[in-house]
Amino acid sequence: MSRALHDVATGTLFGVALNYQGLLKQRLAEFEQPPYQKPPLKPVLFIKTPNTRNQHDAEVVHPGHGETLQPGPALGVVMGKSASRVSAAEALDYVAGYTVVNEFSLSEDSYYRPAVKAKCRDGFCAIGPELVPSAQVADPHGLAITLYVNGEVRQQNSTANFVRNIPQLIAEISEFMTLHAGDVLITGTPEGRVDVLPGDRVEVAISGLGRLVNTIVAEETGAGS
Amino acid sequence: MKHARIRFAGQDHAVTVEAHNAVRLADGRLLTEDQVQWLPPATGSMFALGLNYADHAAELAFKPPTEPLVFIKSPGTYTGHNQTTWRPDNVAYMHYECELVAVIGKAARNVKREDALGYLAGYTVCNDYAIRDYLENYYRPNLRVKNRDATTPVGPWIVDVADVPDPSNLKLRTWINGELRQEGSTQDMIFDIPYLIEYLSSFMTLQPGDMIATGTPEGLADVVPGDEVVVEVEGVGRLVNRIVSEAEFFASRKEA
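As you go down the protein sequences, you meet chains R and H in turn. Once you know that position 125 of the first sequence is 125 in the working numbering, the rest is easy, because the numbers rise by one and skip nothing. Once you know that position 193 of the second sequence is 1193 in the working numbering, the rest is easy, because the numbers rise by one and skip nothing.
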C-alpha cells in the first residue's frame, strides 16, 4: 500500500454486492423465489472487517479444506470527507480518490444471510497499489476492470456496467449511515468469478488506477498462532 | 472493576467507574454520571448474533439455527450510555434488543472454547435496535436495519471477566418509560460466548476491542420518540437511551 493510501484509507471497508448489471440479471429469476421473494430494493451491503485488510504484493491464504477461493475485482472509492445525507449531485465532492480492491471471498451460492465466514477471513481484502486522487480520474464510470490469473485474462468488465453509480450509492447509503473520511466503498465485483489455487498470481487492473498483485498461498498446516 | 470511555470538557478519557456511577479520571478527578458524555466503551467490529435465543427465534417464526447467524456492525452505529437514538420518519416498527456483549481483550485465532474466556477484556451491554420495515432478504439482517448512525447504544462500561462469575446465568431486562417489557436469561442462549469465540476465531482473527453481541430473548416492542429505553444485564450494567425523531436527531447533530 502506498503511504498516501495507507494514511487516508483507514476507516471501515463497506462492500456493495450485486452492483454489476450482468451479475444481477443472471440471478433475477432466482430472486423472485424464496428465500428472496423479490429483487433487492436498496444497495446490498456488507462489511469487510479490519482483519481482512491486505496490500499490494502480499500473500492471500487459501483456506483449503475443500473451500473455493475467488478473487473479487472491484473499484474502491476512498472517502475524503464524512458524508451524511448527501445528495447524488454533491456526492463526488466527498470522495478523496480511487484505488483497486480485490475483495476475496469463498464462493457464494446464496445472498440470503450475511457472508461473514466467506468474506471476513484474514487478508481477504487487498487494497492498492495506490490512491489516485479524484481530480486525476475524469470518469470513474468508464474504467476497464480486468482480472488476470497467472498472466491470463479471466474476468473483464467496465464500471460503466454498475447497477448504481458512485453518486447514487453514496446518496442512498449516507441516508442512514455516515460514510466517514477514510472509509472505503467497494463498488462491486462483476459476474464470472473464477476459482484460484495456492501458487496463483492474481492481478486486478483498473484503467488509470494501476495493477494490484497478490499471490495465493496454502494455509500452513498445524496449529494456528 | 468497571472501565469506561467518556468525553469531558472536549476531551476523551479512559476512566474507571466507582459507586453511584461516578467516574475517576487518570488524574484522580471524580465526576458524576451526569457530568460526562458516555462513549461506547469499545470501538472494534461488533459481531452480532441473530436468533440466538430459542424463544426469540420462535417469536420471529424461525427455526433455531444450527450454525451461529452472525452479522457485522461498524463503529458509526455505536453510541454511548445516556445518548439518543433516532427513529426514522414513516416507519411502523422499531424495536430494542437487550444483549450481553463480550469484549475481546487480545487477538484470538483458533481458540478452543475451554480457553475462550482468557481472550476477553470483559463484558458490556448493548441495545441492538432494528428497524424492521427495512428488512430485505439479502444479507439479512441488512445494514439499513442494523447499522444505522447512532442506533446501537453500547455500555455504559466494560466490567472485568472476574466480576461476572457465571455469564451463562444472567437476567436480561428492558424497560420502556419505566415499564418492564422484556425479560429473559442468558441461560437460554443457543450458542454461548465460549462457543462463539471458538466459531469466529476458527476462520478469522478477532481483534482487541471487537465485540460479540450475543442476541436477545423474546419480548420485543415498538419504541417512539420521547421513549426512555433502558436495557440491563444483571451484574454487567444498565444502559439508558432516549428515542428522538429524525428531525431532532439531525438538528442536534448539526449544532454539535
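Note that the Cβ used here is the ideal one computed from N, Cα and C, for glycine as well. Keep in mind the model is a prediction, meaning the values are calculated, not measured.
Judged by DSSP secondary structure, H/P1194 falls within the alpha helix (DSSP H) whose first and last residues are I1193 to S1201.
Taking a contact to require three or more Cβ pairs closer than 8 Å, the segment 8-17 of chain R and the segment 166-180 of chain R qualify as touching.
Between R/G11 and R/V184, the C-beta spacing is below 8 Å.
With a cutoff of 8 Å on beta-carbon distance, H/N1052 and H/C1098 are scored as not near each other.
Secondary structure note for H/F1062: it is in no beta strand (DSSP E), with a DSSP letter that is neither H nor E.
Interface annotation, R/N51: in contact with chain H, CB-CB separation under 8 Å. Rounded to the nearest angstrom, the Cβ distance from R/G128 to R/L212 is 5 Å, consistent with a contact under 8 Å.
Contact annotation: H/P1217 and H/L1172 have beta-carbon atoms nearer than 8 Å.
The beta carbon of H/L1100 sits closer than 6 Å to those of T1186, T1214 and V1233, all from its chain and outside the five residues before and after it, given in chain order.
In the structure shown, the three-state DSSP call for R/F104 is coil. Chain-order list of chain H residues neighbouring R/M177: S1074, G1076, T1077, L1143, R1144, N1147, R1148, D1149 and T1151, by C-beta distance under 9 Å. In terms of beta-carbon proximity, R/Q37 lines the interface with chain H, with at least one pair separated by less than 8 Å. Interface with chain R (8 Å Cβ-Cβ cutoff): H/Y1053 is excluded.
Under the Cβ criterion of 8 Å, H/E1136 is counted among the residues facing chain R.
Nearest neighbour of H/L1239 by Cα position, chosen from H/S1045, H/S1074 and H/Q1083, turns out to be H/Q1083. Within the segment 1206-1239 of chain H, those residues whose Cβ lies closer than 9 Å to any Cβ of chain R are, in chain order, L1206, Q1207 and D1210. Using a CB distance below 8 Å, the part of the segment 101-135 of chain R facing chain H consists of Y111, Y112, R113, P114, A115, V116, K117, C120, R121 and D122, ordered along the chain.
Residues of chain R with a Cβ closer than 9 Å to the Cβ of H/Y1139 are, in chain order, A17, V44, L45, F46, Y111, Y112, R113, P114 and A115. Distance from R/I186 to R/V101 at the Cβ level is roughly 5 Å; contact confirmed, criterion being Cβ atoms closer than 8 Å. Under the three-state reduction of DSSP output, H/P1041 falls in the coil class, being neither helix nor strand.
Contact check for R/S82 against R/A181 passes: the beta carbons are separated by less than 8 Å.
For a Cβ distance threshold of 9 Å, nothing in chain R lies close to H/F1062: the least Cβ distance comes to about 11 Å.
Around H/P1065, the same chain offers L1051 as residues with beta carbons nearer than 6 Å, after the five sequence neighbours per side are excluded. Within a 10 Å sphere around the beta-carbon of H/F1071 sit 16 or more other beta-carbons, which makes this residue buried. The beta carbon of R/H180 falls within 8 Å of a beta carbon belonging to chain H, placing the residue at that interface.
For R/I127, the enclosing beta strand (DSSP E) has its first and last residue at C125 to P133. In the three-state reduction of the DSSP assignment, R/H56 falls in the coil class, being assigned neither a helical nor a strand state. In the DSSP assignment, H/L1069 falls outside any alpha helix (DSSP H) and within the unbroken beta strand (DSSP E) covering L1069 to K1073. Counting along the chain, the unbroken alpha helix (DSSP H) around R/S174 starts and ends at I166 to S174.
If you draw a straight line from the Cα of R/A126 to the Cα of H/G1105, it comes to about 26 Å. DSSP, read as helix, strand or coil, puts R/N150 in coil. Of all alpha-carbon atoms in H/Y1129, H/E1183 and H/P1208, the one lying nearest the alpha-carbon of H/G1122 is that of H/P1208. A direct Cα-Cα distance of roughly 9 Å separates R/V163 from R/P43.
At a cut-off of 8 Å, the C-beta of H/S1045 has a neighbouring C-beta in chain R.
Under DSSP, R/A144 shares a beta bridge with R/S158.
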